[in-house]
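This is the structure in structure tokens:
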């Protein structure tokens with residue numbers, strides 16, 4: 001069964017450093033998403049991406065965040081200057097259509113620890 | 116703004132019991148609703164997707180219902196097993212997660 005692949009599975013970074021989280025969505029999916037889950041809290045929407053541009057973003061997705069689809073397969077989330085409160089599990093998801101007539105498929109996540 | 120609530124927050128049952136997890140949402144103008152399972156420290160596994168025109172979906176021992184007019188969905192798990200222990204998340208599409216129900220099935 002097709003999968004969404006995220007790398008790395010765990011990343012530790014120092015406060016103030018830039019990190020790039022990588023995702024390979026399912027190949028025929030057109031919509032891509034990033035979510036995060038702070039330990040013990042709800043999964044929160046960050047951003048959705050379609051046709052090489054952001055289609056929607058939450059209030060969490062401020063200027064320190066950016067997303068990119070640098071080639072035909074990868075979808076990345078960049079955090080420019082990490083803060084301690086950015087420590088969370090970051091999930092990538094993809095879907096065939098917007099708002100998912102077929103639902104989301106999620107990756108297994110990247111655990112980001114900012115020290 | 117859509118709010119999604121899951122009750123109970125935690126549930127512990129003996130093996131073999133049938134159980135119901137509840138999800139409610141405030142705005143009935145939804146596209147679809149999806150139930151996920153999350154194991155500790157792991158990703159999200161899709162269990163069932165109910166499209167807005169449907170009333171229920173079944174997969175094995177799982178049955179999910181959707182009542183848009185009342186803003187409710189339920190996930191029914193039949194004959195629960197210890198391997199069902201996980202957090203179950205309701206997602207109202209687009210993009211709103213409930214906080215989840217943490218289920219423990221005791222052998």
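Residue numbers (my numbering), protein chains in the order written: chain U, 1 to 115; chain C, 116 to 222.
Positions of the beta carbon are idealized from the N, C-alpha and C atoms, including for glycine.
None of the values given here were measured: they were computed from a predicted structure.
Bridge partners of residue 64 of chain U, per DSSP?
Indexing the first chain from 1 puts residue 64 of chain U at position 64. Looking at the DSSP assignment, residue 64 of chain U forms no beta bridge with any residue, so it has no partner.
If you measure from the beta carbon of residue 65 of chain U to each beta carbon in chain C, is any gap under 9 Å?
Here residue 65 of chain U is taken as the residue at index 65 of the first chain, counted from 1. False, the Cβ-Cβ gap to chain C never drops below 9 Å.
With respect to the beta strand (DSSP E) encompassing residue 10 of chain U, which residues constitute its N-terminal and C-terminal limits?
Against the first chain, residue 10 of chain U aligns to sequence position 10. 10-13 is the span of the beta strand (DSSP E), which, as asked, contains residue 10 of chain U.
Since I believe residue 103 of chain U is in contact with residue 164 of chain C (beta carbons under 8 Å), could you give me their beta-carbon distance rounded to a whole number of angstroms?
Locating residue 164 of chain C in the second chain gives position 49, counting from the first residue. Locating residue 103 of chain U in the first chain gives position 103, counting from the first residue. The pair is a contact, with the Cβ atoms about 4 Å apart (cut-off 8 Å).
Taking Cβ to Cβ, would you say residue 82 of chain U is nearer than 9 Å to residue 43 of chain U?
By 1-based counting over the first chain, the position of residue 82 of chain U is 82. By 1-based counting over the first chain, the position of residue 43 of chain U is 43. The beta carbons of residue 82 of chain U and residue 43 of chain U sit no closer together than 9 Å.
Run the CB neighbour count on residue 158 of chain C, radius 10 Å, all protein chains shown included, and call it buried at 16 or more, exposed below.
Locating residue 158 of chain C in the second chain gives position 43, counting from the first residue. Buried, since its Cβ has 16 or more Cβ neighbours within 10 Å.
Residue 105 of chain U: which of U:114, U:94, U:112, U:113 sits nearest, CA to CA?
If you number the first chain from 1, residue 105 of chain U lands on position 105. Residue U:94 is the option with its Cα nearest to residue 105 of chain U.
Could you check the C-alpha separation between residue 177 of chain C and residue 130 of chain C for me, to the nearest Å?
As a first step, residue 177 of chain C must be located in the second chain, where it is residue number 62. As a first step, residue 130 of chain C must be located in the second chain, where it is residue number 15. Each residue's CA atom was taken as its position, placing residue 177 of chain C and residue 130 of chain C some 15 Å apart.
Could you tell me if residue 8 of chain U is buried or exposed, where buried requires 16 or more neighbouring beta carbons within 10 angstroms of its beta carbon?
Locating residue 8 of chain U in the first chain gives position 8, where the first residue counts as 1. So residue 8 of chain U ends up on the exposed side.
My output table needs one value for residue 199 of chain C: the three-state DSSP class, helix, strand or coil.
Position 84 of the second chain, counted from the first residue, corresponds to residue 199 of chain C. Three-state result, residue 199 of chain C: helix.
Flag residue 43 of chain U as yes if its beta-carbon sits less than 9 Å from any beta-carbon of chain C, otherwise no.
Taking the first chain and counting its residues from 1, the one referred to as residue 43 of chain U is at position 43. Taking 9 Å as the threshold, the shortest C-beta distance from residue 43 of chain U to chain C falls below it.
C-alpha distance - residue 59 of chain U paired with residue 45 of chain U, whole-angstrom precision
Here residue 59 of chain U refers to the residue found at position 59 when the first chain is read from its first residue. Here residue 45 of chain U refers to the residue found at position 45 when the first chain is read from its first residue. Rounded to whole angstroms, residue 59 of chain U and residue 45 of chain U show a C-alpha spacing of 9 Å.
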